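**Q** Please find one structure pasted underneath; my questions will follow.
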Amino acid sequence: MLSRHADLYSIGEEEIEALEVGAAILGTGGGGNPYIGKLRALQVLREGRKMRVLPLQALPDDAKVVSVGGIGAPLISHERIKEGREGLRCIRALEERLDFKIDAIACEEIGGQNAMEPLIVAALADLPVVDCDGMGRAFPEMQMTTYSIYGHRSTPSAMCDLHGNVVIFDHAASELWHERLARACVIAQGGASSLASAPMPGVFVKRFAIPDSYSRAISLGRTVREAQRNNADAVEAICRFEQGQLVFTGKISDVRRELKGGFVAGEARIEGFDKHEGDVASIIIQNENLVFSRNGKTEVVVPDLIVILDIDTGEAITTELLRYGQRVSVLALPCHPLLRTPEALAVVGPAGFGLGHLNYLPLDDVNAPGAGPTEDAKQ
Amino acid sequence: MYRLGIDVGGTNTDAVVMHEREVLSGFKASTTQDVTSGVVEALEGAIGKAGIDRKQIDKVMIGTTHFTNAVIERKHINPVAAIRLGLPATACLPPMVDWPADLREAAGDSGYLVRGGYEFDGREIAPLDEDELDRICDDINSRKTKVASVSSVFSPINQDMERVARDHIRKRCPDVSVVLSSDIGRIGLLERESAAIMNASLLSLSERTVDAFASALTSAGLDCDFYITQNDGTLMNADMVKHFPVLTFASGPTNSMRGAAFLTGERNGIVVDIGGTTTDVGALQHGFPRQAATVVDIGGVRTNFRMPDVFSVGLGGGSLVRRDDSGTVTVGPQSVGFRITSEALVFGGETLTATDIAVARGEADIGDAARVAGVDKDTVEKARAAITQLLQRAVERSRISPDPIPVIAVGGGSILMPDKLADLDVVRPENFAVANAVGAAIAQISGEVDRIYSLENGLTREECLKQAEREATEKAVASGASPSTIETIEREDVPLAYLPGNATRIHVKVVGEMEGAHAVAAR
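This is the structure:
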């Protein structure tokens, strides 16, 4: 029914190229490099498959929408590239298990590698992708989607690897349990798998998904490329496009990393220059950039987006590539209001990352005249 | 005993004669079509100037951009049977998928996917499909392909399956040369595989080129082993270059940086190589160029070669100096390039260039200073400020620590460099014009390990680093390094997210001086 919908728009190679750039920026330092995913998407297009995106508002209330994504270590998927139809097998397994027909595919996270997987799966299945996602950025864990936060139970789900193994998670006691079980299964499957979650009704998705993710990421990528072509200030163009703020420019003076509970945690320090001469910034990292402070004062806190860009090209620098001496611009972009409610902040706010001593202060308020971090927000 | 360093660039072939740490002579000749005659002219010039007995030369080191240029120009590329072991993994992206069409065409555009490969923890993805290998061998024979590359998933962790496949192919196709990806690159399948395919496509060119170098040396009466520099500033013996030409990619900037380090005695610093059109800036760490962390594009192909992290800015001796209506003065990125000797004011031309600014301020004595006496003083001072700012920004960008490190200026355009850049002192060595050839003459031998270790069962990070260091040392010694001179220059460990057992990627690199004249090939 959706395939003939008037609002559908097709995306081609140019859009995929732009999406690679935009998704890397929205990855906020994590989410992996979308390059391999881009190549896969281009291959699928060259095979004559169609990629179609459906605006969120055009989604019928009773449509059955399944979110699909890759799960595992980004480095693994860079070496042990996917077989290619893992995601397709996931949705077929789910359809068989639940005896229903999927109407549209949704995206779990638009930041990084996972921006591409839903497009690929949808093209192979001849389904549309809804123009939305569950994060509006990248987060490291499955329960950190607006889908889960606002009550969707993501099991039964199906996880597939390239060997042909299909694992159904029939019931998880909580979203956190689902994440835990899935993580264990990924390791057995070689460190990178695909996963399709239980179907969501269109009415739920329309209400609780982050809207316009694909159109936004693609336009963002185009903005960067266009600025680069015209020798314009790419960083400034991104800020304008995202209604974000350039909070710092400087040089990385130290990067510290350690393993903490399976994640790479650490801190990058930046010495300011130009307008920020004499200031020192710090960014707390856990896969993604989580907290930005200036001279010891917390200014931007997850789930608002903290983006580190190469000062000249405006290209995103992922946390594993940060190193001493890089000249960077730090942008703060406001997250979607759906990530700012108390129930969302409990999962994707500072507390969700073990930073319970920090209060979330919405980006716009922080920068309003006279505003500053609250007492609690000081470290 | 003496050593001879030669740099075969696109335009010039330079040669230097060195005795221990002393540069006795340098000579510049034009690079020739046949390579040989240019090399002979340069080395005869350098030997003549040094006034030494050529029988006393016991080592020759050559830096060359020949193989990089072959890929960029799509010349002398042979068809390759590109075989990948990894099915059912990787099926969605065949070999050379992200290559430009013309280069893929030149390399034969024949990729094969075979069941095999490893998981990150060493399990097999699938047993190697030898029947399929047989079918591929028949195809290779019927197409009369002469070279093959083999890449297996996670081969940097376990090379066994690539080796088994190689032996299998050699049995069925005795005339075919086989290149293994694990001999060339690191983790990152497509990049490593592309490097292996490129290497295979260049094998016959490298054979011819190395033989041409050998005959140039023989015809000059030099009867000694010779070595060729790799992209990391270390040496390979000539035989190894026949097998691994891609390892010479980007040796040009490396040699210039290493030469700069040697000529000044600095082991840590920023090297600024100023040419006619651009300035290359890179950082030295322990006497070696710092390597780029990200992928490097060669002729339109992403590779993960170890390459110096060089940053280029559009500033050189020939950069145009312009003043707009508001009085703002800009320098570059447009340049008169090699036409500087006719177009710059001091050379009788009509164009105000960066070189003219240096002469007008009395910082350089080139050409006819009288011809710039009339240049507006405000323009001169503003141009000087703009040049300094460009250089300062480039240097800051390459700086690797907050310590006050020296800035080393080399290249023909180094007159543009002020004596101080902010808080950093500028060093200008003698023989700066032949820094490349000096860099080749002083190159060392390296060994490297880059692998994922599992830090469990009581194995500590320190133990893994030590184990990697031991293995790297063995590799360097096998390639001809003297064990007593081995030194670790890179030690890096990066924990990997989401993997069990505290998986950590460890990268160790050691270097050492060359052991005598009779270095043993690694393979």
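Chains as they are written, first to last, in numbering that gives the first Met the number 0: chain A, 0 to 378; chain B, 0 to 522. Every residue, glycine too, gets a C-beta built ideally from N, C-alpha and C. In this text the structure is predicted, and so the values were computed from the model without any measurement.
Which value, in whole angstroms, describes the spacing of the CA atoms of A/Val-338 and A/Ile-310?
**A** Looking at the sequence itself, residue 338 of chain A is Leu, so the reference to Val does not match. Whole-angstrom Cα-Cα distance: 28 Å.
**Q** Please report how far the alpha carbon of B/Ala-100 lies from the alpha carbon of B/Gly-299, in whole angstroms.
**A** Cα-Cα distance, rounded: 10 Å.
**Q** Given a cut-off of 8 Å on the beta-carbon distance, is the pair A/Glu-94 and A/Phe-138 in contact?
**A** It is not a contact, given that the beta carbons lie outside the stated cut-off.
**Q** Name the one or two DSSP bridge partners that A/Phe-168 has.
**A** Per DSSP, A/Ser-156.
**Q** Go ahead and label A/Gln-378 buried or exposed: buried means 16 or more other beta carbons lie within 10 angstroms of its beta carbon, across all protein chains shown.
**A** Note that A/Gln-378 has pLDDT 35, beneath the 50 cutoff, so the model's placement of it is unreliable and the number below is only indicative. It is exposed - the Cβ of A/Gln-378 has fewer than 16 other Cβ atoms within 10 Å.
**Q** So, helix, strand or coil for A/Pro-210, using DSSP?
**A** Of the three classes helix, strand and coil, the one that applies to A/Pro-210 here is strand, per DSSP.
**Q** Answer yes if the region 318-331 of chain B comes into contact with the region 445-461 of chain B, meaning at least three C-beta pairs across the two stretches below 8 Å, and no otherwise.
**A** Result no; under three Cβ-Cβ pairs closer than 8 Å.
**Q** Could you tell me whether the Cβ atoms of B/Ala-80 and B/Ala-147 are closer together than 8 Å?
**A** A contact, by the Cβ cut-off of 8 Å.
**Q** Taking just the CA atoms, how far does A/Met-199 sit from A/Val-65?
**A** Those two C-alpha atoms are separated by around 6 Å.
**Q** Expressed to the nearest angstrom, what Euclidean distance is found between the alpha-carbon atoms of B/Pro-94 and B/Asp-424?
**A** Between B/Pro-94 and B/Asp-424, the C-alpha separation is close to 49 Å.
**Q** According to the Cβ coordinates, are A/Glu-314 and A/Val-246 closer than 8 Å?
**A** Their beta carbons are not under 8 Å apart, which means A/Glu-314 does not touch A/Val-246 by this criterion.
**Q** Extract the residue ranges of the beta strand (DSSP E) inside the region 170-250 of chain B, only unbroken runs of 3 or more that lie entirely within it.
**A** Runs found: 176-179, 225-228, 234-236.
**Q** Run the CB neighbour count on B/Ala-369, radius 10 Å, all protein chains shown included, and call it buried at 16 or more, exposed below.
**A** B/Ala-369 should be labelled exposed.
**Q** Applying the 10 Å Cβ sphere with the 16-neighbour rule, what's the burial state of A/Ala-376?
**A** Bear in mind that a pLDDT of 38 at A/Ala-376, under 50, signals an unreliable position, so the model cannot answer this.
**Q** Can you check whether the C-beta of A/Gly-220 is within less than 8 Å of a C-beta belonging to chain B?
**A** No, A/Gly-220 does not count as interfacial toward chain B.
**Q** Whose Cβ in chain B lies nearer than 9 Å to the Cβ of A/Gly-355?
**A** Within chain B, no residue comes near A/Gly-355; the closest Cβ sits about 22 Å away, beyond 9 Å.
**Q** Assess, as a yes-or-no matter, whether the region 394-406 of chain B is touched by the region 241-253 of chain B under the definition of 3 or more beta carbon pairs within less than 8 Å.
**A** These segments do not touch.
**Q** Below 8 Å on the Cβ atoms is my contact criterion, and I expect A/Ala-208 with A/Leu-55 to pass it. Report the Cβ-Cβ distance as a whole number of Å.
**A** Their Cβ separation, rounded to whole angstroms, is 6 Å, which keeps A/Ala-208 and A/Leu-55 in contact under 8 Å.
**Q** In this structure, does DSSP put A/His-162 in helix, strand or coil?
**A** The answer is coil: DSSP assigns A/His-162 none of H, G, I, E or B.
**Q** State the CB to CB distance for the pair A/Ile-386 and A/Ile-104, rounded to an integer number of angstroms; the pair is presumed to be in contact (CB under 8 Å).
**A** In the structure as shown, chain A begins at 0 and stops at 378. Residue 386 of chain A is therefore absent and cannot be evaluated.
**Q** Distance, Cα to Cα, B/Ala-199 vs B/Ser-150?
**A** When rounded, the distance between both Cα atoms is 12 Å.
**Q** Could you check how far apart the C-beta atoms of A/Glu-85 and A/Asp-160 are, in whole angstroms? I think they sit under 8 Å.
**A** At roughly 6 Å, the Cβ-Cβ gap stays under 8 Å, so A/Glu-85 and A/Asp-160 are in contact.
**Q** Check the Cβ-Cβ distances between A/Gly-324 and every residue of chain B, and say whether any is below 8 Å.
**A** Yes, because at least one Cβ of chain B sits closer than 8 Å to the Cβ of A/Gly-324.
**Q** Is it buried or exposed for A/Ala-367, if we count other Cβ within 10 angstroms and need 16 for buried?
**A** A caution first: A/Ala-367 carries a pLDDT of 47, below 50, which makes its placement in the model too unreliable to give a value.
**Q** Classify A/Ser-173: buried if its beta carbon has 16 or more other beta carbons within 10 angstroms, exposed otherwise.
**A** Exposed, since its Cβ has fewer than 16 Cβ neighbours within 10 Å.
**Q** Out of curiosity, what's the CA-to-CA distance linking A/Gly-111 and B/Gly-107?
**A** Their backbone Cα atoms lie some 34 Å apart in a straight line.
**Q** Closest Cβ-Cβ distance between A/Lys-250 and chain B: below 8 Å?
**A** Interface residue, yes.
**Q** In the DSSP assignment, the beta strand (DSSP E) including A/Tyr-384 goes from what residue to what residue?
**A** Lying outside 0 to 378, the shown extent of chain A, residue 384 of chain A is not represented and no answer is given.
**Q** Any beta carbon from chain B within less than 8 Å of A/Gln-227's own beta carbon?
**A** Closer than 8 Å: no.
**Q** Check for me: the alpha helix (DSSP H) holding A/Arg-88 runs from which residue to which?
**A** It spans 85-97 - the alpha helix (DSSP H) in which A/Arg-88 sits, taken as one unbroken run.
**Q** Check whether the Cβ atoms of B/Gly-232 and B/Arg-257 sit closer than 8 Å, and answer yes or no.
**A** Against a cut-off of 8 Å, the Cβ pair of B/Arg-257 and B/Gly-232 comes out as a contact.
**Q** Touch check for the region 46-62 of chain B and the region 121-134 of chain A: three-plus C-beta pairs under 8 Å?
**A** They do not touch, by the three-pair rule.
**Q** Return the Cβ separation of B/Thr-64 and B/Gly-8 in integer angstroms, given the expectation that the two are a contact with Cβ distance under 8 Å.
**A** That belief holds up - the Cβ atoms of B/Thr-64 and B/Gly-8 are roughly 6 Å apart, short of 8 Å.
**Q** Would you mind reading off the limits of the beta strand (DSSP E) that contains A/Arg-326?
**A** From DSSP, the beta strand (DSSP E) with A/Arg-326 extends over 326-332.
**Q** Terminal residues of the continuous beta strand (DSSP E) containing A/Cys-287?
**A** Residue identity check: residue 287 of chain A is Glu in the sequence provided, not Cys. Looking at the DSSP string, the run of the beta strand (DSSP E) that includes A/Glu-287 is 287-293.
**Q** Keeping to the same chain, check which residues put their C-beta closer than 7 Å to that of A/Pro-341; ignore five residues upstream and five downstream.
**A** Nothing listed; no residue qualifies.
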